[in-house]
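Visitor:
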Amino acid sequence: MSRRSRAAVARSAGGDRTLTTIVGLVLVAASVLALLVGYGVFGSFRAQRPVVDPIAVGWVTTHADATRWIAIGAGVLLFLVGLWWTLRSLRPEPRPDVSLSELPGERLTVEHSAICDAVRHDAEGIDGVSRARVRLVGDPMKPALRIALTLVEGTDVRDVWADLDGRVLARAREAFAVSALPTAVRLELDASSAPTPARVE
Numbered sequence: 001m002s003r004r005s006r007a008a009v010a011r012s013a014g015g016d017r018t019l020t021t022i023v024g025l026v027l028v029a030a031s032v033l034a035l036l037v038g039y040g041v042f043g044s045f046r047a048q049r050p051v052v053d054p055i056a057v058g059w060v061t062t063h064a065d066a067t068r069w070i071a072i073g074a075g076v077l078l079f080l081v082g083l084w085w086t087l088r089s090l091r092p093e094p095r096p097d098v099s100l101s102e103l104p105g106e107r108l109t110v111e112h113s114a115i116c117d118a119v120r121h122d123a124e125g126i127d128g129v130s131r132a133r134v135r136l137v138g139d140p141m142k143p144a145l146r147i148a149l150t151l152v153e154g155t156d157v158r159d160v161w162a163d164l165d166g167r168v169l170a171r172a173r174e175a176f177a178v179s180a181l182p183t184a185v186r187l188e189l190d191a192s193s194a195p196t197p198a199r200v201e
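Sequential numbering from 1 applies to the sequence shown in our numbering.
(1) Going by the C-beta, is Val-76 closer than 8 Å to any heavy atom of the ligand COA?
(2) Report yes if the CB atom of Gly-128 is closer than 9 Å to the CB atom of Val-110, and no otherwise.
(3) So Arg-146 packs on Arg-131, CB below 8 Å; how close in whole Å?
(4) To the nearest angstrom, how far is the alpha carbon of Asp-117 from that of Phe-79?
(5) Going by C-alpha to C-alpha distance, which of Pro-50, Pro-140, Val-185 and Asp-16 sits closest to Leu-87?
(6) Using 8 Å for Cβ pairs, my map puts Ile-126 next to Val-160. What's the rounded Cβ distance?
(7) In three-state DSSP terms, what is Pro-143?
(8) Sort Val-168, Trp-84 and Ala-180 by Cα distance to Pro-143 and report the nearest one.
(9) Could you work out which residue in Leu-169, Ala-162 and Glu-188 is closest to Pro-182 when comparing CA atoms only?
(10) Under three-state DSSP, which class holds Arg-133?
(11) Assuming the contact rule is C-beta atoms closer than 8 Å, Ala-123 and Glu-188 should be a hit. Round their C-beta distance to whole Å, please.
(12) Which stretch, first to last residue, makes up the beta strand (DSSP E) that contains Arg-167?
(13) Where do the ends of the beta strand (DSSP E) carrying Leu-181 lie?
(14) When DSSP labels each residue in this structure, what does Thr-150 get in the three-state scheme?
(15) Let's test the definition: count the other Cβ atoms within 10 Å of the Cβ of Gly-138 and tell me whether it reaches 16, buried, or not, exposed.
(16) Out of curiosity, what's the CA-to-CA distance linking Val-26 and Ala-175?
(17) Assuming Arg-95 contacts His-121 under a Cβ cut-off of 8 Å, what Cβ separation, rounded to an integer in Å, is found between them?
(18) Across which residues does DSSP place Glu-188 in a beta bridge pair?
(19) Could you give the distance in angstroms between the alpha-carbon of Gly-73 and the alpha-carbon of Val-23?
(20) Should Val-57 and Pro-50 be called a contact, given that it needs their Cβ atoms to be closer than 9 Å?
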């Protein structure tokens, strides 16, 4: 599955996975190094030395104030990095406007809301569709669509898909001047059309 297709299905978590993988690899490497030193792979003398170097301990003792400020600065820095990463992960997914032309003097951009309203109106015109929700994701040059269709009970899904792909998405691809427009489609049954279960007393 291409990156654009994955963007249509769900929001990318590649950055979070990459950071987690890097941190995990660093911790594993540090653990392996500590084990090798402890088992004397790098020499018995080094294995018998304290975990914290005596020279470093002496410097910390001599420069207590500087050490305290360094520790505070490192803690604040880590806090800010963690806060930034949390806000980055929780921020709303961007809803890009689509750029149809970037030529000098001929820049043409279509707003996200206009595109979604047009696709939603076309989708709700399909027989058997009672409601449609549309969202545009990706970036302005390579957009992707997420469509949620609420179907009336008894609707033939194959007919809905044929109309959606052959008419609605075809018009969208033509408007964007692209041969492929990654789209994730979610089908739901209209609860108001479902039969009410009988009560047995």
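Glycine is no exception: its CB is placed at the ideal position from the N, C-alpha and C atoms.
Guide: In this structure, then:
(1) Within the structure as shown, the ligand COA is missing, as the structure has no ligands at all.
(2) Annotated as distal: Gly-128 and Val-110, with beta-carbon spacing of 9 Å or more.
(3) Not quite, the Cβ-Cβ distance comes to about 15 Å (not below 8 Å), so this is no contact.
(4) 42 Å
(5) Nearest C-alpha to Leu-87 among Pro-50, Pro-140, Val-185 and Asp-16: Asp-16.
(6) Yes, they are in contact, since the Cβ atoms of Ile-126 and Val-160 sit about 6 Å apart, within 8 Å.
(7) strand
(8) Ala-180
(9) Leu-169
(10) strand
(11) Their Cβ separation, rounded to whole angstroms, is 13 Å, which puts Ala-123 and Glu-188 out of contact at 8 Å.
(12) Note, Arg-167: premise wrong, no beta strand (DSSP E); not H, not E.
(13) Where Leu-181 is concerned, there is no enclosing beta strand (DSSP E), because DSSP gives it neither an H nor an E.
(14) strand
(15) buried
(16) 48 Å
(17) About 18 Å separates the two Cβ atoms, so there is no contact after all.
(18) Thr-150
(19) Taking the straight line from one Cα to the other gives about 21 Å.
(20) In this structure, Val-57 lies near Pro-50, with their beta-carbon atoms less than 9 Å apart.
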